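As structure tokens, the structure follows; a few thoughts come after it.
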Amino acid sequence: MSAPSLIACRECDLLHRQAPLPPGGEARCTRCGARLYRWTRPDANDRTLALALTACILFIVANAFPILGLEVQGVSDSTTLLHAVQSLWNDGAYAVAALVFFTTVFVPAAELLGMVWVLLALRLDARGQATVPMLHFIESVKPWGMVEVFVLGVLVSLVKLTHVATVEPGVALFSFAALMALIAATAAEFDADAAWAQLEAGR
Amino acid sequence: MRPAPSASRTAARQGLLACEVCALVSRAPPPGCDARCPRCAAALHSRKPASLARTWAFLIAAMLLYVPANILPIMDTSSLFGTERNTILSGIAFLWTSGSWVLAALVFFASIVVPLAKMLALTLLATSVQMRTAWQPRTRTRLYRVIEFSGRWSMLDIYVVTMLVALVQINTLASIHAGPGAAAFGAVVVLTMFAAASFDPRLIWDTQGEQA
Ligand SMILES: [Zn+2]
Ligand SMILES: [Zn+2]
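Those protein sequences? They're chains E and Z, same order as listed.
Numbering of the first sequence is given in numbering that gives the first Met the number 0, commencing with residue 0 and proceeding in unit increments.
Numbering of the second sequence is given in numbering that gives the first Met the number 0, commencing with residue 0 and proceeding in unit increments.
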């Protein structure tokens, strides 16, 4: 039924025969130049799992501590990300609050937990019914995780506020910056193709 | 990897379907049958269903909302001296006049250039596919790749408003509230992301080799 050695370019549909790659290599479409697949380390699963678990811890730190603190005439206050979302909600900006919550809290958390789930299932050889839908889910929400844009937004607001008040970057700002790097590293390391192949082999 | 000899070596013309979720290539079932990926059970389509119609719908909705997103205030600053209504452009002007040129340029790029360029590029792509032109398929595919990657950066202003509202609301001297422009702008970003996701770049290549 299926032809595992064939791969169709996602961007132009041209068929290619899959061939082994040298370490560090990647295969590109001969017609449009899109990346078809890439070489992954033999220990990619373990490395991704370690990165994803570290990112989970950082995610908790980033959400538990204040991102920015503000001091005006002796009165100081600070905000966490969840508190900021709540302020927007209480302010009546429901759609914006929901959008911010979805892109900076829900999607990153779901993506990291889902990734840990899939990688653990592959590692322990304990593939439950939920592993395939989980991998499906991770891949579909991925474009909506925007931690890196959020970090930049915090920096812009920091600069804006320094004109009117004393602003202090909080622990969570640094945690979010580190989380941004870790999510990028996790995504770069994670090999969805290999995960699909492994899941199929286990059935 | 061997270079493919001709444009007819596409999955569609060989009667094969590639899974959009797990990339597995499988033989298309006879017409009328429900095509499902044998590996991940996702529904299979040769091309994204109703790709052009959906792209146009999201794109036109985004264009319509782009007007209020720029005219309506994205936040209101009220202090003892009265209320100031800030639009996206006035926020950039504030950064520029207060000397933060790099940030002003950055926000201008993310909030003005990226959404406009994205809507223009998607219009160009959808029109070119509709006209079935064979013009520069590689360039058009590259354009699509850039759009898909860069759209998210337009969310920048939404996050700036979020932080400002949270921090300044509590203060007694001034308070900042989110304006209706913020919701409109957020909707523009979401709609252009949906438009880009609905567009199928393989349609760009479907005219290749037809003349031969
Ligand atoms: Zn291609
Ligand atoms: Zn599949």
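Ideal Cβ positions, reconstructed from N, Cα and C, are used throughout, including at glycine.
This one's a predicted model, so the numbers in the text were calculated from it and none came from an experiment.
| Query | Result |
| --- | --- |
| THR191 (chain Z), DSSP secondary structure in three states | helix |
| Span separating the alpha-carbon of ALA68 (chain Z) from that of VAL24 (chain Z) | 43 Å |
| Test: GLY31 (chain Z) CB closer than 8 Å to a CB of chain E | no |
| CB contact below 8 Å: THR165 (chain E) versus chain Z | no |
| Whole-Å CB distance - ALA51 (chain E) paired with THR185 (chain E), under 8 Å assumed | 5 Å |
| CA nearest to the CA of PHE193 (chain Z), picked from Z:PHE107, Z:ASP156, Z:ALA104, Z:SER50 | Z:SER50 |
| PRO4 (chain Z), buried or exposed, once every other Cβ within 10 Å from all chains shown has been counted against 16 | Note that PRO4 (chain Z) scores a pLDDT of 49, beneath 50, so its modelled location is shaky and nothing firm can be said. |
| Chain E contact residues for SER97 (chain Z), given Cβ-Cβ distances below 7 Å | HIS162 |
| Coarse secondary structure for GLU199 (chain E), derived from DSSP in three states | helix |
| Pair within 8 Å by beta-carbon distance, VAL146 (chain E) and MET179 (chain E) | yes |
| VAL71 (chain E): first and last residue of the uninterrupted beta strand (DSSP E) it sits in | 67 to 71 |
| Residue-chain proximity (PRO142 (chain E), chain Z), Cβ-Cβ < 8 Å | yes |
| Backbone secondary structure at GLY98 (chain Z) - three-state DSSP | coil |
| Burial state of CYS8 (chain E) (16 or more Cβ within 10 Å) | buried |
| 8 Å contact criterion, which PRO21 (chain E) and TRP38 (chain E) should meet: CB distance rounded | 7 Å |
| Contact list for TRP195 (chain E) against chain Z, beta-carbon separation under 8 Å | CYS21, ALA22, LEU23, ARG38, CYS39 |
| First through last residue of the alpha helix (DSSP H) which encompasses GLU147 (chain E) | 146 to 161 |
| PRO136 (chain Z), enclosing alpha helix (DSSP H) - first and last residue | 136 to 149 |
| Three-state secondary structure assigned by DSSP to ILE73 (chain Z) | coil |
| Coil, strand or helix - LEU168 (chain E) by DSSP | Just to set this straight, residue 168 (chain E) is Pro in the shown sequence, not Leu. Three-state result, PRO168 (chain E): strand. |
| DSSP state of ASP213 (chain Z) mapped onto helix, strand, coil | The displayed coordinates of chain Z run from 0 to 211. Any statement about residue 213 (chain Z) would go beyond what the structure contains. |
| Which of helix, strand or coil DSSP assigns to GLU19 (chain Z) | coil |
| Below-8 Å beta-carbon distance, GLN135 (chain Z) vs any chain E residue | no |
| Beta-carbon neighbours of GLY152 (chain E), restricted to chain Z and to distances below 7 Å | LEU155, TYR158, VAL159, MET162 |
| Near ligand 1: GLU147 (chain Z) beta-carbon under 7 Å from a heavy atom | no |
| Contact test: VAL117 (chain E) Cβ vs ligand 2 heavy atom, cutoff 7 Å | no |
| Residues within the stretch 95 to 127 of chain Z neighbouring chain E, beta-carbon criterion of under 7 Å | SER97, SER99, LEU102, VAL106 |
| ALA133 (chain Z) Cβ short of 7 Å to ligand 1 heavy atom set | no |
| Distance cut-off 7 Å: LEU115 (chain Z) Cβ against heavy atoms of ligand 1 | no |
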